[in-house]
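Trainee: In this note's numbering, the protein residues as written are 3 to 478.
Every residue, glycine too, gets a C-beta built ideally from N, C-alpha and C.
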Amino acid sequence: MSHDVLYCFYDLSVSPPSYDFFVFMQTAELHRKRYDLAEIHFVFVPGPKEGFRDDSFARTIPQRYALMRNVVIPACWLLPSCNGVSWLQGQDEISPILENANHIFPRGYTLQRPVNDYLRAGQTSAYLRGETLTRLQEPAEYTQMVSTFLANKMKSQKLITVTIRDAPYDNQRNTNFLEWSIFLQKLDPTEYKVIIVPDTFSLWSRKIQGFDYCEMASVNILFRTALYRQAYLNMFVAQGPCSAAFHSGSPILMFGPVNTDVASTKKWRQKMDSLEPDEHNQYAMFKVNQRIAWGLETAENIEEEFSRFVSDFPESPIQRLEEHGIQSKRQSQLMCEAALEYTVEKIRFHQVIQEDIDTLRAIIKLDEKFIGAKHLLGMIASNMGQYETAVQLFDNCIELSNGGCRREIIGRVRFQSDGSNTIEYHLLKAEVLERADNLEMALQEYLKIREIDRENYGVLEKVLELDEKLKMSRKG
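This is how it looks when you write it as structure tokens:
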């Protein structure tokens with residue numbers, strides 16, 4: 003096996019066969035670039051339930067296989083650095099690959115303890131560190147194929163694609179056909195060419211009349227991505243295929259109403275996407291012509307958001323656009339929370355590496371009062387023998403805590419440090435001073451804890467122990 007190939011294990015016992023793979027693919031690519039590796043080889047590991055994870059999601063086994071064959075596997079070839087794909091039929095096939103692979107993603111992955119990395123937190127952490135996403139792109143033959151297809155469909159109009167969601171599950175998120183029909187009928191056909199991409203599971207449905215449909219884009223992810231990339235605008239309700247548009251740099255207007263199902267609640271958007279719906283946040287790492295249209299899926303709202311997009315981008319941009327960036331203090335907090343939780347999870351399964359330290363430093367640079375990041379970075383510094391740095395960080399934590407700094411814990415991160423327990427930081431500082439063999443200062447720190455908590459007999463024992471050691475050292 004090549005020494006500069008990153009082997010990326012998408013384990014179907016802990017990961018879904020869905021468009022979530024696009025996030026995994028991008029996070030893997032960020033890892034490849036971070037460690038200056040040449041190529042990626044994707045390995046798909048079967049799960050326990052007929053090849054997939056044993057969950058309660060609505061998709062049937064045949065539907066899952068269809069997603070694997072039509073979306074997940076061919077999507078690998080959208081990534082320029084992909085050099086190969088292996089879809090294993092049994093878990094016994096994985097051992098030779100793991101044993102010979104020099105570089106593995108996700109970090110800490112083993113067959114005995116499979117881990118996933120298909121959520122957005124890995125990308126968020128990379129963004130805070132200043133890393134950039136790779137633009138996915140279809141192979142050249144698909145670009146030509148779509149160009150030929152469009153040449154037979156339109157002349158000088160601007161291409162608008164509308165991707166339908168008409169799934170047999172979670173149908174509360176399906177496209178509101180009446181509202182979209184009202185909006186689309188108002189568009190000037192001499193200026194805009196509308197092509198509708200039907201839902202893969204309702205391929206021949208024609209619930210919006212009067213427009214061309216493209217079934218090929220529904221069943222071929224490479225064709226779909228090529229179509230999105232050549233469009234003036236791609237319009238969606240929130241659904242999986244949005245990932246193909248976002249990650250290929252295609253212009254997108256995604257209508258994302260809140261609270262239609264579990265994956266669109268306010269809490270979900272905050273935690274999983276680092277977006278505050280109340281502020282109408284956009285994804286910080288995506289381009290300014292890649293937008294979420296918050297609000298109800300009504301013809302009036304669709305028209306209003308479309309008009310705003312047309313006003314801002316009257317023509318398809320020739321040069322690459324800037325990113326949205328972080329838009330508010332609240333979004334900054336959400337992104338820092340996500341990055342902290344991601345870092346803690348990775349450290350839990352693996353040893354601390356430089357990217358963890360870089361992430362924590364990036365969080366602190368963004369928010370110097372983010373006490374949780376300083377707490378964890380202080381613990382890492384202490385374990386690495388960087389005692390002076392650790393003491394300084396714990397002093398910062400003590401100062402912030404005494405100043406009333408409190409951190410709302412949004413996620414389920416196991417490392418809980420909200421700033422309310424000042425004793426915790428005094429104790430950590432005292433332990434560092436002990437390790438540094440600075441017993442006098444360690445004793446003073448334990449005495450401070452005693453002043454705060456007279457009932458802490460463990461600390462009393464420490465005071466007595468260090469006092470005795472200091473007396474002995476003076477005698478010696």
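Can the beta-carbon of Gln272 be found less than 8 Å from the beta-carbon of Glu278?
Mentor: It is a contact, given that the beta carbons lie within the stated cut-off.
Trainee: Tell me which residue opens and which closes the beta strand (DSSP E) that His105 is part of.
Mentor: His105 to Phe107 is the extent of the beta strand (DSSP E) around His105.
Trainee: Applying the 10 Å Cβ sphere with the 16-neighbour rule, what's the burial state of Asn398?
Mentor: With 16 or more other Cβ atoms within 10 Å, it is buried.
Trainee: With distances taken from CA atoms, which of Ser250, Ser83 and Ser15 is nearest Asp56?
Mentor: Nearest option by C-alpha distance: Ser15.
Trainee: Using CA coordinates, which residue listed in Glu343, Leu379, Pro108 and Glu370 is at the minimum distance from Asp360?
Mentor: Here the closest residue by C-alpha is Leu379.
Trainee: Return the Cβ separation of Val354 and Ile382 in integer angstroms, given the expectation that the two are a contact with Cβ distance under 8 Å.
Mentor: Going by Cβ atoms, the distance from Val354 to Ile382 rounds to 5 Å, so yes, they are a contact pair.
Trainee: Do you know offhand how far Phe248's Cα is from Thr163's?
Mentor: Spanning the two alpha carbons is a distance of roughly 14 Å.
Trainee: Suppose contacts are defined by Cβ-Cβ distances below 8 Å. Is Thr29 in contact with Gln125 by that definition?
Mentor: Yes.
Trainee: Decide if Ser158 is buried, meaning its Cβ has at least 16 other Cβ atoms within 10 Å, or exposed.
Mentor: Exposed, by the Cβ-count rule.
Trainee: Does the segment 171-191 come within contact of the segment 297-305, defined as at least 3 CB pairs closer than 8 Å?
Mentor: Yes, the segment 171-191 is in contact with the segment 297-305.
Trainee: Assess, as a yes-or-no matter, whether the segment 31-48 is touched by the segment 75-91 under the definition of 3 or more beta carbon pairs within less than 8 Å.
Mentor: Yes, since at least three Cβ pairs between the segment 75-91 and the segment 31-48 fall closer than 8 Å, the two stretches touch.
Trainee: Taking contact to mean 3 or more Cβ pairs, one atom from each stretch, closer than 8 Å, check whether the segment 18-26 and the segment 56-70 are in contact.
Mentor: The segment 18-26 is in contact with the segment 56-70.
Trainee: Apart from the five residues on each side of it in sequence, which residues of its chain come closer than 6 Å, Cβ to Cβ, to Thr165?
Mentor: Around Thr165: Val199, Phe238 and Pro243.
Trainee: Asp369 by DSSP, collapsed to three states: which one?
Mentor: In the structure shown, Asp369 sits in coil (DSSP, three-state: anything other than H, G, I, E or B).
Trainee: Out of Asp190, Tyr194 and Ala219, state which residue places its alpha-carbon closest to the alpha-carbon of Ser204.
Mentor: Among Asp190, Tyr194 and Ala219, the Cα nearest to that of Ser204 is on Ala219.
Trainee: Report yes if the C-beta distance between Ser334 and Leu368 is below 8 Å; otherwise report no.
Mentor: A contact, by the Cβ cut-off of 8 Å.
Trainee: Measuring alpha carbon to alpha carbon, tell me which residue in Ile254, Tyr230 and Ser127 is nearest Phe311.
Mentor: Taking only the C-alpha atoms, the option nearest Phe311 is Ile254.
Trainee: Excluding five sequence neighbours on each side, which residues of the same chain lie with their C-beta closer than 6 Å to the C-beta of Ala482?
Mentor: Residue 482 falls outside the range modelled here, since the chain spans only 3 to 478, and no answer is possible.
Trainee: Quick check: Arg34 and Ile42, are their CB atoms within less than 8 Å of each other?
Mentor: Going by C-beta atoms, Arg34 is nearer than 8 Å to Ile42.
Trainee: With distances taken Cα to Cα, identify the nearest neighbour of Gln65 among Met147, Arg476, Asn222 and Pro170.
Mentor: Looking at the Cα atoms, Pro170 is the closest of the given residues.
Trainee: Do you know how far the Cα of Glu143 is from the Cα of Phe225?
Mentor: Between Phe225 and Glu143, the C-alpha separation is close to 10 Å.
Trainee: Give the straight-line distance between the Cα atoms of Asn102 and Ile96, rounded to the nearest whole angstrom.
Mentor: Asn102 and Ile96: Cα-Cα distance of roughly 10 Å.
Trainee: With a 10 Å radius around its C-beta and 16 neighbouring C-beta atoms as the bar for buried, classify Tyr459 as buried or exposed.
Mentor: Burial call: exposed.
Trainee: Name the residue from Val221, Leu135, Ile197 and Arg437 whose alpha carbon lies nearest to the alpha carbon of Gly212.
Mentor: With distances taken between Cα atoms, Gly212 lies closest to Ile197.
Trainee: Which of the three DSSP states, helix, strand or coil, is assigned to Val264?
Mentor: Correct three-state label for Val264: helix.
Trainee: Within this structure, are the beta carbons of Val393 and Lys431 separated by less than 8 Å?
Mentor: Cβ distance < 8 Å, so Val393 and Lys431 count as in contact.
Trainee: According to DSSP, what are the bridge partners of Lys160?
Mentor: In the DSSP output, where bridge partners are listed per residue, Lys160 has Tyr194.
Trainee: In the segment 209-279, which residue ranges form an unbroken beta strand (DSSP E) of at least 3 residues, counting only runs that do not cross its ends?
Mentor: Counting only runs of 3 or more, we get 235-239 and 254-257.
Trainee: What number of angstroms, rounded off, separates the C-alpha of Lys268 from the C-alpha of Ser4?
Mentor: For Lys268 and Ser4, the distance between alpha carbons rounds to 45 Å.
Trainee: Lys51 by DSSP, collapsed to three states: which one?
Mentor: Three-state result, Lys51: strand.
Trainee: Going by DSSP, what residue range makes up the alpha helix (DSSP H) through Asn85?
Mentor: Looking at the DSSP string, Asn85 is not in any alpha helix (DSSP H); the run it does join, the beta strand (DSSP E), is Cys84 to Trp89.
Trainee: How about Arg137 and Ser245: do their beta carbons lie closer than 8 Å?
Mentor: No; because the gap between Cβ atoms is not below 8 Å, this pair is not in contact.
Trainee: Taking one C-beta from the segment 78-88 and one from the segment 117-124 each time, how about it: are there three or more such pairs within less than 8 Å?
Mentor: Flag = no, the segment 78-88 and the segment 117-124 do not touch.
Trainee: Would you list the one or two residues that DSSP bridges to Cys10?
Mentor: According to DSSP, which records beta bridges pairwise, Cys10 is partnered with Phe44 and Phe107.
Trainee: DSSP on Phe29, reduced to helix/strand/coil?
Mentor: Here residue 29 is Thr; the residue named in the question, Phe, does not match the sequence. The answer is helix: DSSP assigns Thr29 an H, G or I state.
Trainee: Rounding to the nearest angstrom, what Cα-Cα distance links Met386 and Ser276 in this structure?
Mentor: The alpha-carbon atoms of Met386 and Ser276 are separated by roughly 31 Å.
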